[in-house]
Amino acid sequence: MPLSDDDVREILRIIDESDLDELRIETNGLRLYVRRGGAPPLEDTPATGREVEAAEQREEVPPAGQSATGEKETVSSPDGTLTIEAPMVGTFFRAEAPGAKPYVEVGSRVEPDTVVCLIEVMKMMNSIRAGVSGRIVEVCAENGALVEYGQPLFRVEPDR
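Under UniProt numbering, the first residue of the sequence shown carries the number 1, and numbering increases by one thereafter.
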């Protein structure tokens, strides 16, 4: 099934809302190559001839409380908690694999570099880090659900 114009627009929108600098897709004779303005091109690597499982592909993204430039994006609420928001559009996963123990639960202590969840975008698994120190007080997203950019994922009571 070939990609439609709407599919290509959706792919471009997802790339625009993510931290990806370059993307190549080849499917059914269609080749799509997208690269951000100042990004250096990736090296061409020959295909290995085997399919790679999505769980093996991991893209590190800045901590949820930071943008790619390192600026704080964590949202504070009136009750003093901080909200860890989705840094991209994708599918939210609380654990590395179905049936595995979640990265964090309500009551878990987190540090800025603690992985709190995964967000899958086009079969690429992105580790999402807390970006703050504190204790998880609420899980705001449902496992396996589509999350939007900026959608609350967790609420954290920050260390004082």
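By construction, the Cβ of each residue, glycine as well, lies at the ideal position given by its N, Cα and C atoms.
Proximity winner among the options, relative to residue i (alpha-carbon distances)
i, options, result
"Tyr-149", "Asp-7, Val-8 and Ile-15", "Ile-15"
"Pro-112", "Ile-136, Gly-99 and Val-89", "Ile-136"
"Met-125", "Phe-154, Leu-153, Gly-99 and Gly-90", "Gly-90"
"Ser-18", "Ala-130, Val-34 and Gly-80", "Val-34"
Simplified DSSP state of residue i, which is helix, strand or coil
i, result
"Val-104", "coil"
"Val-110", "strand"
"Glu-26", "strand"
"Glu-10", "helix"
"Pro-46", "With a pLDDT of only 41 at Pro-46, under the threshold of 50, the placement of this residue in the model should not be trusted; the figure read from the coordinates follows. Correct three-state label for Pro-46: coil."
Paired residues, beta bridge with residue i - DSSP
i, result
"Glu-142", "Per DSSP, none; premise fails for Glu-142."
"Arg-155", "Thr-83 and Glu-138"
"Val-147", "Gly-90"
Cβ-Cβ separation, residue j to residue i (assumed contact under 8 Å), whole Å
i, j, result
"Ala-86", "Val-147", "4 Å"
"Thr-81", "Glu-142", "About 19 Å; that fails the 8 Å criterion."
"Val-132", "Val-106", "About 16 Å separates the two Cβ atoms, so there is no contact after all."
| field | Three-pair Cβ contact test at 8 Å for the segment 120-140 versus the segment 3-10 | value | Verdict: no, contact absent.
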